[in-house]
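Chemist:
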Amino acid sequence: MLGDDTTTEKRLRLLQAEFTQHQRREPGDGRTATRTTSPAPLDLNVFDRIRAAVNEVVEHTRTAAPDAGPIPADETRIYDWSRQHTAHLNDERQQARETFIYRQGLEHAIAMGDTTVVCKHPCPSCGCWGLLWRSAVQRAACINRYCVDDDGLSRSWPLETLAHHHIAEQFGLKSSAT
Ligand SMILES: [Zn+2]
């Protein structure tokens, strides 16, 4: 069942833990204050990422369900909150919601260094397994040497496309089962 997939929530929780751990480590080092060697860049990236992810869910949910009310105090519950308040919407809207939740799950995993999440998807063009994450362009590239675009370059896909295909397949299975 779609609502059972808590992976994105788990990953967000891990990201958050990573962030707060960094925060705590800084002052309690036991050594003399070394404020000049601030680990800020990484922390801020993680912090910004969490903020952006939560904001996206809130925005999407409030657009679809303006009376959704306040968000949960525990921000990692944001996905459940969104599902609860948009459960009455048609399949198309629910599919859109699941697609961005799934995409966020991929983003969270990659933010924590697990880029192998992309190879769990077949190439949307040729169906080959073994996509590779290219962080410089933030896209998953196909390893099939014959899978190229008009310019002869390896085809590559944003996470959004992988999420779209993955969730579309799930919804397809669901509707053909009923
Ligand atoms: Zn391909």
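Mapped onto the numbering used here, the consecutive letters of the sequence shown carry residue numbers 1 to 178.
In this text, a Cβ means the ideal position worked out from N, Cα and C, and glycines have one as well.
(1) Give the straight-line distance between the Cα atoms of His108 and Glu18, rounded to the nearest whole angstrom.
(2) Since Arg103 contacts Leu159 with CB under 8 Å, what's their CB separation in whole angstroms?
(3) Closer than 6 Å to a non-hydrogen atom of ligand 1 - does that hold for the CB of Cys142?
(4) Measuring only the C-alpha atoms, how far is Ala40 from Arg62?
(5) Which same chain residues, not among the five before or five after Arg11, have their C-beta less than 6 Å away from its C-beta?
(6) Out of Ala53, Asp114, Cys142, which has the shortest C-alpha to C-alpha gap to Cys126?
(7) Skipping 5 residues on each side, what residues in its chain have a beta carbon closer than 6 Å to that of Glu75?
(8) Using three-state DSSP, classify Leu162 as helix, strand or coil.
(9) Compute the distance between the beta-carbons of Cys147 and Arg155, then report whether it is under 7 Å.
Modeler: On the basis of the coordinates in this document:
(1) 12 Å
(2) 5 Å
(3) yes
(4) Here Ala40 scores only 48 on pLDDT, less than 50, and its place in the model is too uncertain to base an answer on.
(5) Gly105, His108, Ala109
(6) Cys142
(7) Val54
(8) helix
(9) yes
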